[in-house]
Amino acid sequence: MNNTKNLPLVNDASRRNFLKLGGAIGLAAAFASSIAACGGPAATTTGATGNSSPINKDLTIEAGISYALSTGFDPISSSGATPMAANLHVFEGLVELHPATREPYNALAAADPKMVNDTTYQVAIRDGAMFHDGTPVTAEDVVFSFTRVMDPANKSLFSQFIPFIQDVKALDAKTVEFTLKYAFPGFGPRISVVKVVPKALTNFPAGSDQLKSFDAKPVGTGPYKLVSAVKDDKIVFEANQAYNGPMPALAKGMTWLLLSDAAARVTAMQSGRVQAIEDVPYLDMQGLKSAATVESVQSFGLLFLMFNCTAAPFNNKLVRQALHYGLDKDSIIKKALFGNAKPASSYFQEGHPDYVKAKNVYSYDPNKAADLLKQAGVTSLEFELLTTDTAWVKDVAPLMLESWNKIPGVKVTLKNLQSGALYADRVGKGDYTVVAAPGDPSVFGNDADLLLSWFYSGPTWMDKRAYWTTPERTQLQDLMDKGSRASKDEARKITGQIVDLVSEELPLYPMFHRQLPSAWDAKKLSGFKPLPTTGVSFVGVGRTA
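Structure follows, in C-alpha cells:
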C-alpha cells in the first residue's frame, strides 16, 4: 500500500488564515469536550494489550458510544461527534488520515498525488472503486464532491480547510487535476477533509427530499455500509463486500449503542455486551481494569480560559495573567480528572510535533497572582465564571473557584450553562467576563496552522467572543500572515513567536490538555487502538472471539 510517505506532512504546510468559522458554533460545541490531536501521546494502560488470535470475519463488533446523533451523515454538513465517527467507516477521501495514528494514506487515490508544479496536482482514482449502491466512482464524482464543498452557496464548514484550491477538473474518467491559488506543501493530507460522494445522489438543492434521504442513509465507498441509525438508540453497519481499498472491513458488521449515560457505558463494557467503549469516566478507570484494557491517551483537547477583553479590569492583561497564576492546576487535575491531564506549558500539548514551550508558563503562584492584581490597581475583584455543562468541566469548575477565592480580595461565583446557550445568549452578546470551556479543532487535522487558526485567526473567537481588538491582535494576525509564506524552519520560528504572544496576552489560552480514556476487550478485538478523539474507530479492527 502506498502511504503518501513522500508527501510533506500537514504541519509543514504554508500557514494560511483560512478559518473564519462564523457558522461553526454547533460543531465546536459538539466536539468541545473530547476531541484531540494525536501528537506524542502519553498513555496510561491497564490490562492486556495484544491479541494475536486469527480474525473471524463472520463476527460483528459492538461498541458503546458517548454521544447521541446530533446531525445527519452527509459529509458536506455533518458536524456531530458520533456521525463524524461513523463517516470514518462509511466514506473515503482521496487521502485519509488514520483515526488513531493520524498518518496519511491513499484511500480512493491509486497513488500519491502527483505534483505537476507548485500549484498543480493530479490524482488518479483506484481501479474498481465502487459506491455502496454498486455504481463506479468516476472523476466527475470527485470533482463534484470538491466543488460542492467549495461552493459558498452551500455554506460548508469544510470549505474553510481547503482555501488553497482554485479549481478542480476531470482530465479523464479516472484522473482529477487540482489547480491551487498558491503553493501548499501539505496538499495530500489536507484534502482528506473532503469525502467523495456519488454525484447522482447528491446533486440536488439544499433541503430537497433527495438530500434529506442521503443525509439519513448515506452512500459512500468506505469499508462499511450504514444500514440504520436511530437517535438515542443505535447505529447499525454491515461490511461492504465490494470494497477493494487499503482498509477493508474485518467484521461482518457493527452495532454502535448510543449510551450517553456514563454508567450505562461502563455496565455494557463490564457485562460483555460491547467490546469497546469511548469516554470512560475517570472515576471508573480503575474499576474497569479487571474486565477490559483501559488506556488514557494524551490529547490536544484543552480547557481554556477566555476573557471579555473589553470589560474592565479584564481588559488589562495583568489581571488575565493573575487568574492563570491563581489556579492550582496540579491539584485540580488530580482531584477532578484523577491525573488525566497535563498543565499547559504551551498552546500545544507536550509531544505535539509543533510543540514549543511558551515564554510564559503559569504554574501555581498565588502570591504572584496577588501582586499582579496590585500592579493592575485592582484591590477587589468579583466576577461570575461561566462554564459549559460538560460533566468533567462541572467537576473542575468548583476547584477553580476554590483556588481563586483564596487570593485576597477575589470573590468568584459560578454558573454552568448548556454550550449553545453559553455562546449564543451570553458570550455572543458580550454578557460575560470570564469563561472556562473545552475546545478542540484537532479532529480536522494536527498541524500548527489549523490548530492556531481555529481560535486566533478570523473574527469568530477573537473579534466576536473574546473581543480582543488591541494592537497585539493585529500583530498576531501579521505573524500568521507571514507564516503563510514561510519556509518550514521559518514557519516553526513564527509558530514560537505566536505561542509566546498569546501566552503573554491570554485572550484565550489553555489551562491544561486532557488525556482521553477508552476501554476495550483485548481478548475479542484485534488491531484496536484508542483514539485521542471522541468516538472509536474499527478501521483495520476485527473480532477474534
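Residues -12 to 532, numbered by our numbering, are exactly what the sequence shown covers, in order. A virtual CB, placed ideally from N, CA and C, is assigned to each residue, including glycine.
For residue i, which three-state DSSP category applies?
{"i": "residue 52", "result": "strand"}
{"i": "residue 534", "result": "No statement about residue 534 is possible, as the shown extent of the chain runs from -12 to 532 and does not include it."}
{"i": "residue 79", "result": "coil"}
{"i": "residue 149", "result": "coil"}
{"i": "residue 92", "result": "strand"}
{"i": "residue 259", "result": "coil"}
{"i": "residue 513", "result": "strand"}
{"i": "residue 520", "result": "coil"}
{"i": "residue 230", "result": "coil"}
{"i": "residue 104", "result": "strand"}
{"i": "residue 180", "result": "helix"}
{"i": "residue 244", "result": "strand"}
{"i": "residue 144", "result": "helix"}
{"i": "residue 129", "result": "helix"}
{"i": "residue 198", "result": "helix"}
{"i": "residue 306", "result": "helix"}
{"i": "residue 414", "result": "helix"}
{"i": "residue 136", "result": "helix"}
{"i": "residue 277", "result": "coil"}
{"i": "residue 206", "result": "coil"}
In whole angstroms, what is the alpha-carbon distance linking residue i and residue j?
{"i": "residue 533", "j": "residue 358", "result": "Here the chain has residues from -12 to 532 only, and residue 533 is not among them."}
{"i": "residue 241", "j": "residue 348", "result": "45 Å"}
{"i": "residue 353", "j": "residue 501", "result": "23 Å"}
{"i": "residue 176", "j": "residue 490", "result": "29 Å"}
{"i": "residue 325", "j": "residue 101", "result": "48 Å"}
{"i": "residue 396", "j": "residue 365", "result": "9 Å"}
{"i": "residue 509", "j": "residue 38", "result": "6 Å"}
{"i": "residue 74", "j": "residue 430", "result": "13 Å"}
{"i": "residue 369", "j": "residue 398", "result": "5 Å"}
{"i": "residue 450", "j": "residue 344", "result": "26 Å"}
{"i": "residue 157", "j": "residue 137", "result": "16 Å"}
{"i": "residue 271", "j": "residue 69", "result": "22 Å"}
{"i": "residue 122", "j": "residue 203", "result": "19 Å"}
{"i": "residue 465", "j": "residue 485", "result": "10 Å"}
{"i": "residue 267", "j": "residue 108", "result": "43 Å"}
{"i": "residue 244", "j": "residue 49", "result": "7 Å"}
{"i": "residue 260", "j": "residue 252", "result": "10 Å"}
{"i": "residue 493", "j": "residue 201", "result": "43 Å"}
{"i": "residue 72", "j": "residue 487", "result": "34 Å"}
{"i": "residue 18", "j": "residue 290", "result": "Here residue 18 scores only 37 on pLDDT, less than 50, and its place in the model is too uncertain to base an answer on."}
{"i": "residue 312", "j": "residue 476", "result": "32 Å"}
{"i": "residue 144", "j": "residue 356", "result": "40 Å"}
{"i": "residue 120", "j": "residue 222", "result": "19 Å"}
{"i": "residue 537", "j": "residue 110", "result": "Outside the shown range of the chain (-12 to 532) lies residue 537, about which nothing can therefore be said."}
{"i": "residue 135", "j": "residue 61", "result": "12 Å"}
Whose C-beta lies closer than 8 Å to the C-beta of residue i among residues of the same chain, with five residues either side of it excluded?
{"i": "residue 363", "result": "300, 303, 305, 306, 309"}
{"i": "residue 381", "result": "374, 403"}
{"i": "residue 329", "result": "29, 285, 320, 336, 337, 499, 500, 502"}
{"i": "residue 79", "result": "94, 95, 182, 183, 207, 208, 209, 232"}
{"i": "residue 371", "result": "399, 400, 401, 402, 419, 420, 421"}
{"i": "residue 462", "result": "488"}
If you drop the 5 nearest sequence neighbours on each side, which residues of the same chain put their C-beta closer than 7 Å to that of residue i?
{"i": "residue 186", "result": "127, 128, 131"}
{"i": "residue 151", "result": "3, 167, 168, 169, 171"}
{"i": "residue 315", "result": "351, 390"}
{"i": "residue 124", "result": "95, 112, 116, 117, 118, 183, 208"}
{"i": "residue 190", "result": "131"}
{"i": "residue 255", "result": "51, 244, 246, 261, 264"}
{"i": "residue 460", "result": "449"}
Based on the DSSP output, what are the partners of residue i in its beta bridges?
{"i": "residue 526", "result": "None; residue 526 has no bridge partner."}
{"i": "residue 155", "result": "165"}
{"i": "residue 294", "result": "421"}
{"i": "residue 289", "result": "426, 500"}
{"i": "residue 284", "result": "503"}
{"i": "residue 123", "result": "117"}
{"i": "residue 112", "result": "96"}
{"i": "residue 212", "result": "225"}
{"i": "residue 264", "result": "51, 506"}
{"i": "residue 84", "result": "91"}
{"i": "residue 237", "result": "529"}
{"i": "residue 217", "result": "221"}
Can you list, in chain order, the residues of its chain with a C-beta nearer than 6 Å to that of residue i? Leave out the 5 residues immediately preceding and following it.
{"i": "residue 424", "result": "375"}
{"i": "residue 513", "result": "38, 42, 529, 531"}
{"i": "residue 527", "result": "234, 514"}
{"i": "residue 454", "result": "295, 296, 297"}
{"i": "residue 517", "result": "282, 284, 505"}
{"i": "residue 257", "result": "278"}
Shorter than 8 Å from the beta carbon of residue i to some beta carbon of chain D?
{"i": "residue 389", "result": "The chain inventory of the structure shown lacks chain D, comprising one protein chain alone."}
Worksheet item: Where in the region 421 to 509 do unbroken runs of the alpha helix (DSSP H), each at least 4 residues long, occur, reported from the N-terminal end onward?
Response: 435 to 443, 446 to 449, 458 to 470, 475 to 492
Fill in: Minimum length 4: unbroken alpha helix (DSSP H) runs contained in the region 323 to 411
353 to 362, 378 to 391
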